Structures are given as structure tokens and as C-alpha cells.
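All the letters of the sequence shown, read from the start, carry residue numbers 64 to 317 under the numbering used here. The C-beta atom is built at its ideal place from N, Cα and C for all residues, glycine as well. These figures come from a predicted structure and were not determined experimentally. Input: a single structure, listed below in C-alpha cells.
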Amino acid sequence: MVYVYVLFGSLFGICLILGGRVLVRHHAVRRFVRGICQRTESAGERGAVILEETRIDKPRKSPRVSAIEMQQVRSLTRDAEKAVAQSKFDDAERLYIQALTINPKAFDVQAQLAKLYLLTDRDHKAEAMYRELLQHRDDVSYFANLGLSYYRQAKYVEACHSYQDALNRDPKSPERTAALGRACIAAKRFEEAAPLLEKAVVRLNRDTTLLHLLAECYLQLGHADKAEEVYRRINRLEPYDQSVKEKISALARV
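What follows is the structure in C-alpha cells.
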């Protein structure tokens, strides 16, 4: 029986200890919360204002501001076009850049600036701008002008790709066919160039520059008879070109 009393006494003591700890912790939490409330009330009495969290949205431009900016861009673009017409290319570039500062997404202005870079032989800048433009717009002229910027930098393989993209979008254009043919010759892709130039000269049959390229392409492919025939066509168009007559004579002896 003594052991039973001892056991129950021990259990009762343990329960008292645990209960005391819970009460202490509960009291500490309540005191902490009470302290926060008191500090909040004290701050309110001192005139402090507690702000709620708010979501801050980016302000949208009013229609009036957008209209003003659009008018500014148009005015700057017109002034730039006038500067280009007067060969004041530095002024034109500055005006186009000012317009793009106002509206960076004015793609038509970007295209005009890129064309200005082509006009002034700054082909690496034109390349960068046309590549950027093509991220936003699928325009056949952008592909063609990108091809030209590559061609002038002797990036002939890249020029072939861009000219091919332009031709895919405008397959009936003999000028785009001819441009791709020229790029293929420059890239030494003579087998690809020949049918392209053949197709182009059907429509551009008085373009002796293209005919010379076609004749050279035939020579590279070892088709002397076809080259001679093309030179005879050139001779009919330009009968006083002595170099063409010499080439015809040389090929006739082959």
C-alpha cells in the first residue's frame, strides 16, 4: 500500500509541475500580447497612423499624353525625312533617335533609322536594327535589307539566308530572286545560283549585270556552251563591249 501512495503522490506532483509550466507560458503570451496592444494604443494617442499594405500599380498614360507623344514623334520623323532629303544625315539620325526616346516601340521609325544606316554605309548598325525589328514584325523588306547589310559585310552565307526568307515571302519578285542569286555566287554556291539567275533574267532580260553573273556562274560549273550563249545575248544588248566579244571568241575555240 505504501508503494501505491508513493506512486500516486509522484503522479500528482508531476501533474502540478506540468500544469504550472503551462500557466506560466500562457501568462507570458498574454503579457506579450497585452504589451503590443498597449504600445499600439500609445502610438495612436501620439498621433501615429498605421497604414495598411496597398498594391501600387504603374500609372497608365492618359490618352491626352499619348496623343501629345504621338504628335511629337510624327513631327520629329518629318524633320528627319527632310534632313535625309538634304543629305544632313547626322541631323536625321539625331532626330530619329529623339523620336525613339519618346516612343521606343515606334517600329516604323526604327525601320527608317535602319534604312538611314544602310544609306550611309553603317551596315553593322543596320544589321543590328533589322535583327531587332524582325523580333517584332515579319516584314519582307526587313529580311531583304538585312540580307543587304550582311552582303556588304561579306557575310555571304547569312545574306543567302535572309534573301531566301525575303523570297519566300515574295516569290514572284525577280529582284528578290536576283538578289539571292548574287548572294549564292558570292558564297560560292554556284549550283544554287544558276537556276535563280536563270529565273531572274527571264523577267529582267535587259539587265546585263545579271547576265554577266549568269555567264560567270556557268563557267564555274564548267558549262562553257551555256556561258557562250549568255555572252552572245550580252553582245546583242551591248554590241560595242569589246571584252564580251573577246570572251565569245575564247569560248568558241574551246
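- For residue 233, there is no enclosing alpha helix (DSSP H), since its DSSP letter is neither H nor E.
- Here residue 265 is exposed, its C-beta having fewer than 16 other C-beta atoms within 10 Å.
- The residues 170, in chain order, have a CB closer than 7 Å to that of residue 199 in the same chain once the five nearest residues on each side in sequence are set aside.
- Here the alpha carbons of residue 237 and residue 222 stand approximately 17 Å from one another.
- In the same chain as residue 261, and ignoring 5 residues on each side of it, the C-beta atoms closer than 7 Å to its own belong to 277, in chain order.
- Here residue 181 carries a helix assignment [DSSP, helix/strand/coil].
- Residue 138 and residue 152 have their C-alpha atoms some 17 Å from each other.
- If the five residues before and after residue 283 are omitted, its C-beta is found closer than 7 Å to the C-beta atoms of 253, all from its own chain and listed in chain order.
- Short of 7 Å from the beta carbon of residue 135, and not among the five residues preceding or following it, lie these beta carbons of its own chain, in chain order: 165.
- In this structure, DSSP gives residue 186 a helical state, which the three-state scheme calls helix.
- A Cβ-Cβ separation of about 11 Å leaves residue 239 out of contact with residue 246 under the 8 Å criterion.
- In the structure shown, residue 275 adopts helical secondary structure according to DSSP, grouped into three states.
- In the assembly as shown, residue 140 is a buried residue. Its beta-carbon has 16 or more other beta-carbons within 10 Å.
- Residue 161: member of the alpha helix (DSSP H) spanning 152 to 165, first to last residue.
- Distance between residue 214 and residue 179, taken at the CA atoms: about 17 Å.
- According to the DSSP assignment, residue 258 belongs to the alpha helix (DSSP H) that extends over 253 to 266.
- Residue range 287 to 300 is occupied by the alpha helix (DSSP H) that includes residue 287.
- Inter-residue distance for residue 172 and residue 185 is about 17 Å (C-alpha atoms, whole angstroms).
- Assigned with DSSP and collapsed to three states, residue 314 falls in helix.
- Here residue 220 has 250 as same chain residues with Cβ atoms under 7 Å from its own Cβ, once five neighbours each way along the sequence are excluded.
- One alpha carbon belongs to residue 159, the other to residue 267, and they sit about 36 Å apart.
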